[in-house]
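**Student:** Please see the structure below; I have some questions.
There are 2 protein chains.
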Amino acid sequence: MKNRIKVARAEKDLSQADLAGQIGVSRQTINSIETGRYVPSTVLALKLAQVFEKTVEEIFQLEETD
Amino acid sequence: MKNRIKVARAEKDLSQADLAGQIGVSRQTINSIETGRYVPSTVLALKLAQVFEKTVEEIFQLEETD
DNA sequence: ACCAAATGTAAAACTAGCTTTACATATTGT
DNA sequence: ACAATATGTAAAGCTAGTTTTACATTTGGT
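Protein chains in written order, with UniProt numbering: chain A, 1 to 66; chain B, 1 to 66.
This is how it looks when you write it as structure tokens:
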């Protein structure tokens with residue numbers, strides 16, 4: 001799964017730690033998702049979308065391997 | 001997290017097993033998500049949304065407890 | 001060049017998602 | 001009423017998501 005968190009974060013001028021704080025997860029969780037080390041739960045995806053004022057689909061995209 | 005899988009499934013006239021087959025998971029996984037026993041991964045949520053031709057937000061909604 | 005803030009990782013430990021197997025209970029068609 | 005299909009659960013086991021701690025590297029400002 002690909003994601004556009006880094007760009008969305010830049011648009012809102014948020015650090016990984018800021019974002020983590022806003023949605024109540026650790027900074028490493030954000031970093032790990034952003035760098036593709038793992039896929040978040042749907043709850044987390046919805047919260048990220050909410051913060052970015054975008055849809056989940058705008059932030060996360062399926063790949064062939066999914 | 002709430003979800004509208006049962007209704008979406010009815011609209012497409014799909015059984016839990018049909019749906020499971022289409023997205024490549026077990027029938028119990030669908031049943032467990034549908035009955036709220038657990039929250040799916042974002043990959044699964046995106047695939048469900050794809051099958052139902054809806055957005056993830058139309059199918060899954062955050063609750064206060066999330 | 002220096003300092004602070006931001007980012008990338010990693011290991012250990014815990015929790016939650018998911019599969020398989022298996023059975024029980026509805027629901028529907030004939 | 002019977003058979004078939006659909007749904008609800010449960011246990012065991014494996015994998016993946018998440019936290020905490022900790023450290024190394026990068027980036028930005030002065």
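Where is the CB? At the ideal position from N, CA and C, for every residue including glycine.
Would you mind telling me which residues of chain A sit closer than 9 Å to residue 47 (chain B), beta carbon to beta carbon, in chain order?
**Tutor:** Stepping through the second sequence from its first residue, residue 47 (chain B) is reached at position 47. Simply 62 and 66.
**Student:** Using a Cβ cut-off of 9 Å, pull out every chain B residue sitting near residue 26 (chain A), in sequence order please.
**Tutor:** What you label residue 26 (chain A) is simply residue 26 of the first sequence in a count that begins at 1. Those do not exist, as residue 26 (chain A) stays about 17 Å from chain B at its closest Cβ, beyond 9 Å.
**Student:** What first and last residue would you give for the alpha helix (DSSP H) that runs through residue 4 (chain B)?
**Tutor:** Looking up residue 4 (chain B) in the second sequence gives position 4. No alpha helix (DSSP H) contains residue 4 (chain B), which DSSP labels as neither H nor E.
**Student:** For residue 45 (chain A) versus residue 8 (chain B), is the C-beta distance shorter than 8 Å?
**Tutor:** One-based indexing of the first sequence puts residue 45 (chain A) at position 45. One-based indexing of the second sequence puts residue 8 (chain B) at position 8. Going by C-beta atoms, residue 45 (chain A) is not nearer than 8 Å to residue 8 (chain B).
**Student:** Taking the straight line between their C-alpha atoms, what separation do you get for residue 52 (chain A) and residue 4 (chain B)?
**Tutor:** By one-based count along the first sequence, residue 52 (chain A) stands at place 52. By one-based count along the second sequence, residue 4 (chain B) stands at place 4. Going from the Cα of residue 52 (chain A) to the Cα of residue 4 (chain B) covers about 24 Å.
**Student:** Does DSSP put residue 32 (chain A) in a helix, in a strand, or in coil?
**Tutor:** Against the first sequence, residue 32 (chain A) aligns to sequence position 32. If DSSP states are grouped into helix, strand and coil, residue 32 (chain A) belongs with the helices.
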